[in-house]
Amino acid sequence: MQIGFAGLGNMGFAMAANLVKAGHEVLAWNRSKVPVERLAALGAKEAATPAEAAQAGIFVTMLADDASTRSILEEGGALAALKSGAVHVCMATVSVAFAKEMAGRHADKGIGYIAAPVLGRVNVAEAGQLNILAAGEDALLDRVQPVFDVVGQKTWRFGAEPERANAVKLASNFMLVSAIESMAEASAMVAGHGVAVADFLAMATSTTFAAPVYKIYGEAIVQQRFEPAGFKLSLGLKDIRLALEAAELARAPMPFASALKDNLLDGVAHGEGHLDLAALSKVAARRAGKG
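Quick note: the sequence shown uses my numbering, first residue 12, plus one each step.
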């Protein structure tokens, strides 16, 4: 398959590299040239502009947010360059409102639009073991399933409206941040009573909370391993804001999300936005007078 790919950050590069290794013809674009050159060394073709990458029959975008995705579609000319019958697969974590807008604009041009954000850190992307949260017309999903089969271990389908996949991703990230925050606050509390955080989290993540998210982030909290970030605190703040926007559209109160937004903002305000989400433990410790 010929696949245009825009957005070669850590996650995007790993996904695009797996597509190249699987034998697909990948036409890649990225704002900075180094990742494109690295991918070209694996066998990809370089696109000079987003519009050139969008000339492929399947166009995948994996960018940071609404603004960067909109930029390549509009200013970068990708939306205008997409041909009738093409499919745009947006695998970024974007807002529900943005997904609804884009689905409508693509439909007006006779272009398919699929939302397919992913679950997993960079090492999971490198292994081709992401979980893909997809929504769109069944015929379009079937058409791009070979792409999903390369980059992911399972595709979860959530209906014909693309924005549903984005709602699911934002809800999942809310649960992830909630889990990390609960460990951060609990660790600060037991530390205040002289309990070693490593002992507490070893117990918690081996009993009541013996699940990957608690184990992975619990270990990062104990070791204070916040760099390199698998999921930046600043991006967590962005996603919680988007979750609150989606909740307002659905008239669904999310009081925990409001508290999480403030805690994430605390970390960003203290210059910690570049750190991993596990750095929420720094916020909790600081508030307990231990930071």
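Think of the CB as a built atom: it goes at the ideal place given N, C-alpha and C, for glycine as much as any other residue.
Bounds of the beta strand (DSSP E) holding Leu141 are 141 to 145. Leu19 carries a coil assignment under DSSP once its states are collapsed to helix, strand and coil. Straight-line measurement puts the Cα of Arg42 at about 14 Å from the Cα of Gly15. Straight across, the Cα-Cα distance linking Gln156 with Ala296 is about 45 Å. Put simply, the region 116 to 128 does not touch the region 193 to 202. Fewer than three CB pairs are less than 8 Å apart.
Annotated as distal: Ala182 and Gly87, with beta-carbon spacing of 9 Å or more.
Cβ-Cβ distances below 6 Å link Leu84 to Leu90 in the same chain, with the five nearest sequence neighbours on each side left out; the list follows chain order. When the Cα atoms are used, Glu172 and Val206 turn out to be separated by approximately 49 Å. Leaving aside the five residues that flank Phe169 on each side, the residues in its chain whose CB is nearer than 6 Å to its CB run, in chain order, Ala146, Arg175, Ala176, Val179.
Around the C-beta of His35, 16 or more other C-beta atoms lie within 10 Å, and the residue is accordingly described as buried. Every alpha helix (DSSP H) stretch that sits fully inside the region 248 to 298 and reaches 4 residues is listed by chain position as 266 to 280, 291 to 298.
Leu275 places its beta carbon 9 Å or farther from that of Leu253.
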